[in-house]
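Peer 1:
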Amino acid sequence: MLVKLRRYFFDRREEDMLFLLFFRVSVSLFLLIHFFSLGKDFNYFYSNDGLIPLRVQNVYNESFSLPKLLDYLYKEFDLNVEKVLLSFKVCYSFLCLALFFGFFSRLSSFFLIILHLLLVRGTPFYSYGVDYFSSIALFYCLIFPLDQYSSLRNLILKNNFSVNPTPFRRLLQLHLGIMYFFSGFGKLLGFNWWNGESIWKAIHLPYFNYNYAGSFDYLSKYPIIFVLLGWGTILIELLYPIFMNFKRTRLFWLLLVVSLHVGIAFILNLYFFSAIMIIINVAGFGNFRMENQKP
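Residues 1 to 295 in the UniProt record's numbering are what the sequence shown lists, from first letter to last.
(1) Judging by CA-CA distance, which residue of A265, F273, V282, C96 is the nearest neighbour of F252?
(2) Counting C-beta neighbours from all protein chains within 10 Å, is the total for G186 16 or more, i.e. buried, or is it exposed?
(3) According to the neighbour-count rule (16 or more other Cβ atoms, all chains shown, within 10 Å of its Cβ), is L119 buried or exposed?
(4) Helix or strand or just coil, what does DSSP make of K294?
(5) Tell me whether the beta-carbon of G184 lies closer than 9 angstroms to the beta-carbon of F273.
(6) How big is the Cα-Cα spacing for N195 and L86?
(7) Have a look at P241 and Y8 and give me their C-alpha separation to the nearest angstrom.
(8) Is the beta carbon of M244 sitting closer than 9 angstroms to the one on L138?
(9) Tell me the DSSP secondary structure of H34 in three-state form.
(10) Of all the options F168, N269, L238, which has the alpha carbon lying nearest to the alpha carbon of F19?
(11) Got a sec? Which residues, its chain only, sit under 8 angstroms from F110 by beta carbon, not counting five neighbours each side?
(12) DSSP state of D147, grouped into three classes?
(13) Is it buried or exposed for D16, if we count other Cβ within 10 angstroms and need 16 for buried?
(14) Take the Cβ of Y44 as the centre, count every other Cβ of all protein chains shown within 10 Å, and call the residue buried at 16 or more, exposed below.
(15) Between I280 and L172, is the Cβ-Cβ spacing less than 9 angstroms?
(16) Helix, strand or coil for G184, going by three-state DSSP, please let me know.
(17) Looking at C-alpha atoms only, which residue of F181, L189, I156 is the closest neighbour of I236?
(18) Run through DSSP, which three-state label would N281 get?
(19) Leaving out five residues on either side along the sequence, give the residues of the same chain with a beta carbon under 7 angstroms from the beta carbon of M277.
(20) Measuring alpha carbon to alpha carbon, tell me which of W231, I199, T233, L228 ends up nearest D217.
(21) So, are the CB atoms of L112 and L51 less than 9 angstroms apart?
(22) What is the DSSP secondary structure of D11, counted as helix, strand or coil?
(23) By Cβ distance, which residues of its chain are closer than 6 angstroms to S162, with the 5 residues on each side in sequence left out?
(24) Give me the Cα-Cα distance between L238 and L205, rounded to the nearest whole angstrom.
(25) What residue from I156, L2, F23 has the CA that sits closest to F288's CA?
(26) Report yes if the C-beta distance between R121 and L146 is below 9 angstroms; otherwise report no.
(27) Do S150 and G102 count as a contact pair if the criterion is CB distance below 9 angstroms?
(28) Helix, strand or coil for W231, going by three-state DSSP, please let me know.
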């Protein structure tokens, strides 16, 4: 039993070879695009003239947050909030690019996590799933040796080391399996997913579906559709750790999971949440065999 476990977690697999490179590039690029998507609204969230003034945000925020930091720097050092926010943007963007190019990825990830947590913990009014899964992805960037392939660090230091990526990928797979199983198990305990009520409510929320001009009201004549969608979601998540670990069913189940998140993106307009979930799933179970490696 112990021998099988050791082989499962530590035997090098060819399909894992480019996993670390994909994870580094995709996560860093996603973080940069997500950050840039805030655009001019960034100051609208954090400045004194923002949607919610800093003094109001600080009432609800914990000590480790960007609004608290801005308030402290302004009171103690009389620093201009706008200039501090500009410096924050530059640092965050630089660290994303450093991670993208593999410039001391662990160090870049460490400081990027700090800045990211300042954002997430500083805006509990605006934060949602994408922010928390981005934090998880950054944590893995910190513990994974992401400089193994095509990195600026190797180019500068002339390093040519080889790391077995399989144990790191197995850790991510284990995390995903546990996460999806308990997500499906939680849905199974209630009845809202059995009868399709959760699906029906989700597509009729007033703050979702604003980019879709059509209406789903006509589907009320066919309640079986929502029942099937509800049970389909439960089964996809509940059986995730089983079918994702069999080679013959892995690709099919991965496509089901990706389709699930694509549906969430276009129906509920949760584009960034769906994108980070697809990235993490593809990183966990996609085939990253090098071109010169034969199956």
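Every residue, glycine too, gets a C-beta built ideally from N, C-alpha and C.
Peer 2: By the coordinates alone:
(1) As a working note, residue 252 is residue 252 in the sequence shown. Comparing Cα positions, the closest option is V282.
(2) Against the sequence shown, residue 186 aligns to sequence position 186. Burial call: exposed.
(3) As a position in the sequence shown, residue 119 is number 119, starting the count at 1. Its Cβ being crowded by 16 or more others within 10 Å, L119 is buried.
(4) Within the sequence shown, the letter at position 294 stands for residue 294. Any reading at K294 needs caution, since the residue's pLDDT is 46, under 50, leaving its predicted position unreliable; the model's value is listed next. Three-state result, K294: coil.
(5) For the purposes of this step, residue 184 is taken as the residue at position 184 of the sequence shown. For the purposes of this step, residue 273 is taken as the residue at position 273 of the sequence shown. The answer is no: Cβ separation not under 9 angstroms.
(6) Within the sequence shown, the letter at position 195 stands for residue 195. Within the sequence shown, the letter at position 86 stands for residue 86. One C-alpha to the other measures close to 49 angstroms.
(7) Reading the sequence shown from its first residue, position 241 is the one you call residue 241. Reading the sequence shown from its first residue, position 8 is the one you call residue 8. So the two alpha carbons sit approximately 15 angstroms from each other.
(8) The residue given as residue 244 occupies position 244 in the sequence shown. The residue given as residue 138 occupies position 138 in the sequence shown. Taking 9 angstroms as the Cβ cut-off, M244 and L138 do not qualify as a contacting pair.
(9) Here residue 34 corresponds to residue number 34 of the sequence shown, with the count starting at 1. In the structure shown, the three-state DSSP call for H34 is helix.
(10) Along the sequence shown, one-based indexing puts residue 19 at 19. Of F168, N269, L238, the residue nearest in Cα terms is F168.
(11) Indexing the sequence shown from 1 puts residue 110 at position 110. For F110, where only same-chain residues beyond five positions count, the Cβ hits under 8 angstroms are L142.
(12) Locating residue 147 in the sequence shown gives position 147, counting from the first residue. Residue state, collapsed to three classes: coil.
(13) By one-based count along the sequence shown, residue 16 stands at place 16. Classification for D16: buried.
(14) For the purposes of this step, residue 44 is identified with residue 44 of the sequence shown, where counting begins at 1. The residue is exposed, with fewer than 16 neighbouring Cβ atoms inside 10 Å.
(15) Counted from its first residue, the sequence shown places residue 280 at position 280. Counted from its first residue, the sequence shown places residue 172 at position 172. Against a cut-off of 9 angstroms, the Cβ pair of L172 and I280 comes out as a contact.
(16) For the purposes of this step, residue 184 is taken as residue 184 along the sequence shown, with counting starting at 1. Here G184 sits in helix by DSSP.
(17) On the sequence shown, residue 236 is found 236 positions in, with the first residue counted as 1. Per the Cα distances, F181.
(18) If you number the sequence shown from 1, residue 281 lands on position 281. Looking at N281 - three-state DSSP - the assignment turns out to be helix.
(19) The residue given as residue 277 occupies position 277 in the sequence shown. For M277, where only same-chain residues beyond five positions count, the Cβ hits under 7 angstroms are F133, H261.
(20) In the sequence shown, residue 217 corresponds to position 217, counting from 1. Considering only alpha carbons, the answer is I199.
(21) By one-based count along the sequence shown, residue 112 stands at place 112. By one-based count along the sequence shown, residue 51 stands at place 51. Contact: no.
(22) Locating residue 11 in the sequence shown gives position 11, counting from the first residue. Here D11 sits in coil by DSSP.
(23) Taking the sequence shown and counting its residues from 1, one reaches residue 162 at position 162. Result list for S162: empty, nothing under 6 angstroms.
(24) Working through the sequence shown from its first residue, we reach residue 238 at position 238. Working through the sequence shown from its first residue, we reach residue 205 at position 205. Between L238 and L205, the C-alpha separation is close to 26 angstroms.
(25) Here residue 288 is taken as the residue at index 288 of the sequence shown, counted from 1. Closest by alpha carbon: F23.
(26) As a first step, residue 121 must be located in the sequence shown, where it is residue number 121. As a first step, residue 146 must be located in the sequence shown, where it is residue number 146. In this structure, L146 does not lie closer than 9 angstroms to R121 by Cβ.
(27) Along the sequence shown, read from residue 1 onward, the residue named residue 102 stands at position 102. Along the sequence shown, read from residue 1 onward, the residue named residue 150 stands at position 150. In this structure, G102 lies near S150, with their beta-carbon atoms less than 9 angstroms apart.
(28) Taking the sequence shown and counting its residues from 1, the one referred to as residue 231 is at position 231. Looking at W231 - three-state DSSP - the assignment turns out to be helix.
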